[in-house]
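Novice: Following our numbering, the numbering of the sequence shown begins with -16 at its first residue and continues without gaps.
Using N, Cα and C, we set each Cβ at its ideal position, and we do this for glycine too.
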Amino acid sequence: MLVGATGRGWGMLEELICNVEFLRARAELVARVSSEAGGVREYRGAVIGSVIDQVINDLQEEFESAPAA
C-alpha cells in the first residue's frame, strides 16, 4: 500500500487503491488489474475497447460495493 504526501502543500495523503496494466500478448490484449478487495485478475480480448470496458465495469462494481472509508 502506498501512502505519502502529495507535494501540493495541503497535507493530504494518497493511497494506492488499484493498479491496472495493459499488455499486448501475441494476438490479444491483456489487462491485469490488482486491488486490495479484488486481488489480481486478468481480462483478455482481441479489441482494446472491449478489454477496457471489462476493466471499467469490474472496478465500478468493486468500488460501488466497497464500504465507505
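Measuring CB to CB, does residue 45 end up less than 8 Å from residue 21?
Specialist: In the sequence shown, the residue the question calls residue 45 occupies position 62. In the sequence shown, the residue the question calls residue 21 occupies position 38. Taking 8 Å as the Cβ cut-off, residue 45 and residue 21 qualify as a contacting pair.
Novice: Alpha carbon to alpha carbon, how far is residue 47 from residue 15? Give it in angstroms, no decimals.
Specialist: Here residue 15 refers to the residue found at position 32 of the sequence shown. Here residue 47 refers to the residue found at position 64 of the sequence shown. Taking the straight line joining both Cα atoms gives about 20 Å.
Novice: Nearest-angstrom Cα distance between residue 10 and residue -5?
Specialist: Within the sequence shown, residue 10 is the residue found at index 27, counting from 1. Within the sequence shown, residue -5 is the residue found at index 12, counting from 1. Answer to the nearest angstrom: the Cα atoms are 43 Å apart.
Novice: Could you give the DSSP three-state label for residue 30: helix, strand or coil?
Specialist: The sequence position of residue 30 within the sequence shown is 47, counting from 1. Reduced to three states, the DSSP call for residue 30 is coil.
Novice: Could you compute how far the alpha carbon of residue 7 sits from the alpha carbon of residue 13?
Specialist: Taking the first residue of the sequence shown as 1, we reach residue 7 at position 24. Taking the first residue of the sequence shown as 1, we reach residue 13 at position 30. C-alpha separation (whole angstroms): 6 Å.
Novice: Which term fits residue 34, buried or exposed, when burial requires 16 or more other beta carbons within 10 angstroms of its beta carbon?
Specialist: On the sequence shown, position 51 is the one that residue 34 refers to. Residue 34 comes out buried.
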